[in-house]
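For the sequence shown, this note's numbering assigns the number 346 to the initial residue and increments by one for each residue that follows.
Virtual Cβ for every residue (Gly too), placed ideally from N, Cα, C.
Computed from a predicted structure; not experimentally measured.
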Amino acid sequence: MNIVVCVKQVMLHDMADESKETGGTSREASQLVNNANDYYAVEEALKLKDRYGGTVTCLSMGPEKCQEQLREIAALGVDRIVLLSGRDFAGADTLATSYTLAAGIRKISDFQLVLTGEQSLDGETGQVGPSLAEQLGLVHVANVSEICSVHANKEMVVKRELEDREITIKLPLPALLCIRKHINQPRIPSVVGLMKAKTAKIPVWGPDDLGIEPGRVGLGGSPTRVVGVYHPAGKERTANGEIIRYADDQQCAAHILSKIGACDDKRTGVFT
Ligand code: FAD
């Protein structure tokens, strides 16, 4: 089974602070890390490969410097990594992002399954997975809490978490799944993996490689506009945090409970 996993690089610094001045954010100028939620999707793909064979390709759209973070994914044992990058892709909203990723996946062409994380830790919309499925014309399931089985690369059975229950779904392949966080325990890279990743080739595909319509990518292809960024009145962030050190847990718990005034007995922290 050939699987494509989408991994985003997210900004480490506070997005809103930069937006105050520019009305937008620049991933080019920011320190980036791989989106933590996407490691669960990578792990699911590697587990499926271990069980059913095939390949795992990691696909990312971002500035060229993302190659550095993508090496961390290479170290986990994925077969191939592709980065979609170019000035024209900058400033993409979820529609333009999913359009561009869809073009990358079409170029990869030989796949039965596409996986995304449930949400990025900076944009946080959770829209890219379902939008990508629509662009590719794929069946999709979000909030996947378990991949149960795959049958002859033609159909698969997954569990999906809803607010009050879990449902089991059989779906035809090719398909797209948005993988919930904590579905698995992502592996740590081996020493061999780390060594291989140092020299791994990460091809960079730009607009000319993808056969895209120029008006549908980047800022120009994004109907979303950030018209202003503000902190709600009275909620300016302050540095009023308090670090409390205690010798034992009970003393610590009693102190916290006395602070929030939630317990009946302030001395013991016991609720009655
Ligand atoms: P989600 O939909 O939460 O991501 C779900 C999954 O999709 C991820 O776990 C991952 O698997 C996959 N995925 C998402 N993005 C990528 C990717 N790039 N490559 C590979 N896989 C991916 N961006 C700018 O560049 N400039 C801006 O000025 C700007 N302003 C923004 C303002 C606001 C208010 C918001 C909410 C976002 C802004 N963005 C901006 C971010 C941009 O819209 C998102 O980065 C992009 O559309 C992806 O959406 P998301 O982060 O919500 O991803």
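Cβ-based neighbour list, residue i, same chain, cut-off 6 Å, excluding 5 preceding and 5 following
{"i": "ALA542", "result": "ARG416, ALA419 and ALA420"}
{"i": "ALA545", "result": "ALA419"}
{"i": "ALA478", "result": "HIS485 and LEU521"}
{"i": "GLU491", "result": "LYS504"}
{"i": "CYS403", "result": "VAL350, VAL352, ILE418, VAL423 and ILE426"}
{"i": "GLY551", "result": "GLY431"}
{"i": "ILE601", "result": "none"}
Residue interval of the alpha helix (DSSP H) (run including residue i)
{"i": "GLN354", "result": "Counting along the chain, GLN354 falls outside any alpha helix (DSSP H), though it belongs to the beta strand (DSSP E) covering 354-356."}
{"i": "ILE418", "result": "412-419"}
{"i": "ILE348", "result": "First-last for ILE348: 348-351, but that is the beta strand (DSSP E), not the alpha helix (DSSP H)."}
{"i": "VAL537", "result": "536-544"}
{"i": "LEU393", "result": "383-397"}
{"i": "SER603", "result": "594-605"}
{"i": "LEU555", "result": "552-555"}
Beta-carbon proximity list for residue i, same chain, < 8 Å, skipping 5 on both sides
{"i": "LEU357", "result": "SER375, GLN376, LEU377 and VAL378"}
{"i": "GLN414", "result": "GLN354, LEU377, VAL378 and ASN379"}
{"i": "VAL537", "result": "none"}
{"i": "ASN529", "result": "TYR385, GLU388, GLU389 and LYS392"}
Outcome for residue i when other beta-carbon atoms lying within 10 angstroms are tallied against a minimum of 16
{"i": "ILE512", "result": "exposed"}
{"i": "ILE426", "result": "buried"}
{"i": "ILE605", "result": "exposed"}
{"i": "ILE575", "result": "With the sequence shown as reference, residue 575 is identified as Tyr, and Ile is not the correct amino acid for it. Its Cβ having fewer than 16 others within 10 Å, TYR575 is exposed."}
{"i": "LEU555", "result": "buried"}
{"i": "PRO408", "result": "buried"}
{"i": "TYR591", "result": "exposed"}
{"i": "GLN464", "result": "buried"}
{"i": "LEU507", "result": "exposed"}
{"i": "VAL571", "result": "exposed"}
{"i": "GLN596", "result": "exposed"}
{"i": "ALA381", "result": "exposed"}
{"i": "SER405", "result": "buried"}
{"i": "ILE524", "result": "buried"}
{"i": "THR445", "result": "buried"}
{"i": "ALA599", "result": "buried"}
{"i": "ILE348", "result": "buried"}
{"i": "ASP557", "result": "It is worth fixing the name first, because residue 557 is Ile in this sequence and not Asp. It is buried - the Cβ of ILE557 has at least 16 other Cβ atoms within 10 Å."}
{"i": "ILE533", "result": "exposed"}
Close Cβ partners of residue i (< 7 Å) along its chain, the five nearest in sequence each way excluded
{"i": "GLU366", "result": "Residue placement at GLU366 is poorly supported in this model, since its pLDDT is 49, which falls under 50; the coordinates still yield a value, given next. Correct list: empty, nothing qualifies."}
{"i": "VAL549", "result": "GLU409, LEU428 and SER430"}
{"i": "LEU619", "result": "As shown, the chain starts at 346 and ends at 617. That puts residue 619 outside it, with no answer to give."}
{"i": "LYS526", "result": "ASN382, TYR385 and GLU463"}
{"i": "ALA447", "result": "LEU477, GLN480 and LEU481"}
Residue interval of the beta strand (DSSP E) (run including residue i)
{"i": "LEU404", "result": "401-406"}
{"i": "VAL378", "result": "377-379"}
Query raised in the report: Can at least three beta-carbon pairs, one atom from the region 558-569 and one from the region 432-449, be found at a separation below 8 Å?
Result: Contact between the region 558-569 and the region 432-449 is established, with three or more Cβ pairs separated by less than 8 Å.
Query raised in the report: For the region 426-482, which segments carrying the alpha helix (DSSP H) assignment without a break, of at least 4 residues, lie completely within its bounds, in sequence order?
Result: Counting only runs of 4 or more, we get 439-453 and 473-481.
Requested in this report: State whether the region 471-489 contacts the region 511-524, with contact taken as three or more CB pairs (one from each stretch) at a distance under 8 Å.
Outcome: As far as the Cβ criterion goes, the region 471-489 touches the region 511-524, which means the pair count is three or higher.
Query raised in the report: If you pair each beta-carbon of the region 419-435 with each one of the region 460-474, do three or more pairs fall below 8 Å?
Result: Pairwise C-beta distances place the region 419-435 out of contact with the region 460-474, as fewer than three of them are shorter than 8 Å.
Requested in this report: Counting only runs of 4+ residues fully inside the region 487-533, write out the alpha helix (DSSP H) ranges in chain order.
Outcome: None, since the region 487-533 contains no complete alpha helix (DSSP H) of that length.
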